[in-house]
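Data block below; observations after.
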Amino acid sequence: MSPWLIGTLISSKMVAENVKSLTFEVPEWLGHKTGQHCDIRLTSETGYQAQRSYSIANAPVAGSKLIEFGVQLLDNGEVSPYLWNLALGDKIEIKGPLGGHFIWSTDMPGPLVLIAGGSGIVPLMAMLREHVAQKEKITESTRDLVLLISARTKEKVPYYIELEEYKNQYPNIKIFYTLTENTPAGWTGFSRRVDKEMLAEIVTGLLDKMPMTYICGPTGFVEAVANTLVEIGINPHSIKTERFG
Amino acid sequence: MLINKGFSPKREQGDKSRIPPGQYKTDDFPVLSLGPTPHVDTKDWSLRVEGLVEKPQKWNWDEFAKLPHEDVVRDIHCVTKWSKLDSRWRGVSLDYIMKEVGVKSEAKFLIAYSDDGYSTNIPLEDIVGGKAWIATSYDESTITDEHGGPARLLIPHLYFWKSAKWVAKLEFVASDAPGFWEVRGYHNHGDPWKEERYS
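In the order they appear, the protein sequences are chains A and W.
Each residue of the first sequence is one higher than the one before, counting from 1 in this note's numbering.
Each residue of the second sequence is one higher than the one before, counting from 1 in this note's numbering.
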């Protein structure tokens, strides 16, 4: 059984109006793969414990003891408000890395298609960042990467600034946004729920290249997107899903 | 153990005799699966039972419907931390199925296979004596695609990844063979009361 490790909060920053990036230093961390998650455990003074799973947002770096989570603040949440209020230097218990299916590495062939519902982008950020970090590798300099993120508003798109940087810097990274509640003036992205037409547009030209697709988000979102991709002609065995809620 | 100062419970904690450690009670029925949800039509569904058995069997949907079904009300526990109390199922007991096929004494494990390539392994002592069913009904209705319909394995006393969705084949074997999640970091056995989540 993997043990509970102690993580110390060393960095905290807002990456959307409802998502905070929290980076913990875990001295006993042995490394992770992109897409994996951790369990975190909180214990009250009366001994009550709560555990939740959080995906890892940072790309693996050999020897690094840092792990970053993107924590969405949930109304009436039990764990997320506590995590949001942690101060630098505070400690929590962390177990991981966990999960051996929803993972991606630069050894895997084909274009990479990443589709996120809201904070479901977190494990996909690890994949995107890994792709960018390995840009000098032939696998990544030639790989097509498409990311579609659905959020209610632009302010709720996690890591928006970082996504824009990648989009502007790398021609083979395509980032698409769709906003389902309201759009700012001059918005050029999509502004509706993810549908067949939108998915067909973002994977244009990739179907024959055997893409690997990763979908993460709320259950209903993942279910709808995965089914629609299969309808479009994507091989169901090349689609990996992770759901929450 | 680390104490998190200022942390206090917000959720209804539920009955501690029914909510295993690290779990929380939910009234929803969340979904966890590895890829797109397959749709298995009842006219295409069948259950094969093979391996170390005297009489291998294959039932189609109509034949399976004629086997003795029983009502099962149990608490279920997902490794992703939710527990759902008093979930109501209807299905055919594995005790009945094992008797029908005549499981040989050398058999020590069941490997259950799903239509989407999923598999999971269970020791025989965890499926005999009213502990496991092939469920064909949930909450007095058919089981929906995303919850593993038309038929899924139901082994409520183990974490729910052992209750394979879209079950298509049961194979009785002499030696253990870890399944899909069991080779991807999950515990080989999966008892929620011992928190056997990860290997």
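Glycine is no exception: its CB is placed at the ideal position from the N, C-alpha and C atoms.
So what's glutamine 51/A in DSSP terms, helix, strand or just coil? Working through the first sequence from its first residue, we reach residue 51/A at position 51. Note: glutamine 51/A maps to strand in three-state DSSP.
Contacting residues, own chain, Cβ-Cβ under 6 angstroms from tryptophan 89/W (five flanking each side not counted): Residue mapping note: residue 89/W aligns to position 89 of the second sequence, counting from 1. Excluding positions up to five away in sequence, the list reads Val72, Ala135, Tyr138, Leu154.
With DSSP as the reference, identify every bridge partner of tryptophan 181/W, one or two as the case may be. To locate residue 181/W, count along the second sequence from 1; it is residue 181. DSSP output for tryptophan 181/W lists no bridge partner at all.
In angstroms with no decimal places, state the Cα-to-Cα distance between lysine 65/A and glutamate 28/A. By one-based count along the first sequence, residue 65/A stands at place 65. By one-based count along the first sequence, residue 28/A stands at place 28. Rounded to whole angstroms, lysine 65/A to glutamate 28/A spans 7 angstroms at the Cα level.
Could you tell me whether the Cβ atoms of glycine 77/A and histidine 37/A are closer together than 8 angstroms? Sequence index remark: in the first sequence, residue 77/A carries index 77 (1-based). Sequence index remark: in the first sequence, residue 37/A carries index 37 (1-based). Contact flag unset, no.
Please classify alanine 226/A as buried or exposed, where buried requires at least 16 other C-beta atoms within 10 Å of its C-beta. Stepping through the first sequence from its first residue, residue 226/A is reached at position 226. Result: buried.
Just checking my contact of leucine 22/A with leucine 83/A at CB under 8 angstroms: how many whole Å lie between their CB atoms? Along the first sequence, read from residue 1 onward, the residue named residue 22/A stands at position 22. Along the first sequence, read from residue 1 onward, the residue named residue 83/A stands at position 83. 6 angstroms between Cβ atoms; contact.
What first and last residue would you give for the alpha helix (DSSP H) that runs through glycine 220/A? Numbered from 1 along the first sequence, position 220 holds the residue referred to as residue 220/A. First-last of the alpha helix (DSSP H) with glycine 220/A: 219-232.
Exposed unless 16 or more other CB atoms sit within 10 angstroms - verdict on serine 141/W: Along the second sequence, one-based indexing puts residue 141/W at 141. Counting Cβ neighbours within 10 Å, serine 141/W comes out exposed, since fewer than 16 surround it.
Contact belief for leucine 229/A with threonine 213/A at Cβ below 8 angstroms, rounded distance in angstroms: In the first sequence, the residue the question calls residue 229/A occupies position 229. In the first sequence, the residue the question calls residue 213/A occupies position 213. At roughly 6 angstroms, the Cβ-Cβ gap stays under 8 angstroms, so leucine 229/A and threonine 213/A are in contact.
What number of angstroms, rounded off, separates the C-alpha of phenylalanine 190/A from the C-alpha of glutamate 45/A? Residue 190/A sits at position 190 when you count from the first residue of the first sequence. Residue 45/A sits at position 45 when you count from the first residue of the first sequence. If I take the Cα positions, the gap works out to 47 angstroms.
For a minimum of 3 consecutive residues, which ranges assigned as the beta strand (DSSP E) are wholly contained in the region 24-68 of chain W? You should have 46-51, 57-60.
Determine which residues of the region 20-36 of chain W have a Cβ less than 9 angstroms from any Cβ of chain A, and write them out in chain order. Pro21, Gly22, Gln23, Tyr24, Asp28, Pro30, Val31, Leu32, Ser33, Leu34, Gly35, Pro36
Measuring straight from C-alpha to C-alpha, what distance separates leucine 34/W and phenylalanine 64/W? Working through the second sequence from its first residue, we reach residue 34/W at position 34. Working through the second sequence from its first residue, we reach residue 64/W at position 64. Distance between the alpha carbons of leucine 34/W and phenylalanine 64/W: 27 angstroms.
DSSP three-state call for tryptophan 84/A: helix, strand or coil? Locating residue 84/A in the first sequence gives position 84, where the first residue counts as 1. If DSSP states are grouped into helix, strand and coil, tryptophan 84/A belongs with the helices.
Work out the CA separation of histidine 69/W and alanine 59/A for me, nearest whole Å. Against the first sequence, residue 59/A aligns to sequence position 59. Against the second sequence, residue 69/W aligns to sequence position 69. Whole-angstrom Cα-Cα distance: 50 angstroms.
Give me the Cα-Cα distance between alanine 164/W and valine 79/W, rounded to the nearest whole angstrom. To locate residue 164/W, count along the second sequence from 1; it is residue 164. To locate residue 79/W, count along the second sequence from 1; it is residue 79. For alanine 164/W and valine 79/W, the distance between alpha carbons rounds to 14 angstroms.
With asparagine 121/W as the anchor, note down where its beta strand (DSSP E) starts and where it stops. Working through the second sequence from its first residue, we reach residue 121/W at position 121. Counting along the chain, the beta strand (DSSP E) containing asparagine 121/W begins and ends at 119-123.
Residue range of the unbroken alpha helix (DSSP H) whose run includes tyrosine 96/W: What you label residue 96/W is simply residue 96 of the second sequence in a count that begins at 1. Here the alpha helix (DSSP H) through tyrosine 96/W covers 94-101.
Backbone CA spacing between phenylalanine 160/W and valine 203/A [nearest angstrom]: As a first step, residue 160/W is located in the second sequence; it is residue number 160 there, counting from the start. As a first step, residue 203/A is located in the first sequence; it is residue number 203 there, counting from the start. Their Cα atoms are separated by approximately 34 angstroms.
According to DSSP, is glutamine 36/A part of a helix, a strand, or is it coil? Within the first sequence, residue 36/A is the residue found at index 36, counting from 1. It is coil, neither helix nor strand.
What ranges does the beta strand (DSSP E) occupy inside the region 103-164 of chain W, keeping only unbroken runs of at least 3 residues that lie completely in it? 109-114, 119-123, 133-138, 152-154
For the region 93-108 of chain A against the region 229-239 of chain A, do three or more pairs of beta-carbon atoms, one drawn from each stretch, fall closer than 8 angstroms, so that the two count as touching? no
Per DSSP, cysteine 78/W is paired with what? Counting from 1 along the second sequence, the entry for residue 78/W is found at position 78. None, per the DSSP bridge assignment.
If I measure Cβ to Cβ from glycine 7/A and keep anything under 6 angstroms in the same chain, skipping five residues before and after, which residues do I get? Here residue 7/A corresponds to residue number 7 of the first sequence, with the count starting at 1. If we look at glycine 7/A and ignore the five residues flanking it on each side, its Cβ neighbours are Phe24, Val26, Ile92, Ile94.
Which residue's Cα is closest to the Cα of isoleucine 143/W: Val167/W, Val128/W, Glu125/W, Gly129/W? Counting from 1 along the second sequence, the entry for residue 143/W is found at position 143. For isoleucine 143/W, the nearest C-alpha among the options comes from Val167/W.
Identified DSSP bridge partners for valine 19/A: As a position in the first sequence, residue 19/A is number 19, starting the count at 1. In the DSSP output, where bridge partners are listed per residue, valine 19/A has Ala16/A, Gln72/A.
Do leucine 32/W and alanine 151/W have their CB atoms nearer than 8 angstroms? As a first step, residue 32/W is located in the second sequence; it is residue number 32 there, counting from the start. As a first step, residue 151/W is located in the second sequence; it is residue number 151 there, counting from the start. No, the pair does not count as a contact, with Cβ atoms beyond the cut-off.
Does alanine 133/A come out as helix, strand or coil in the three-state DSSP assignment? For the purposes of this step, residue 133/A is taken as the residue at position 133 of the first sequence. Correct three-state label for alanine 133/A: helix.
To which residues of the same chain is glycine 102/W closer than 7 angstroms at the C-beta, ignoring the five residues directly before and after it? On the second sequence, residue 102/W is found 102 positions in, with the first residue counted as 1. These residues qualify, in order along the chain: Val53, Glu54, Lys55.
For the region 35-47 of chain A, which residues have a beta carbon sitting closer than 7 angstroms to at least one beta carbon of chain W? Leu42, Thr43, Ser44, Glu45
Using a beta-carbon distance cut-off of less than 9 angstroms, what residues from the region 122-141 of chain A approach chain W? none
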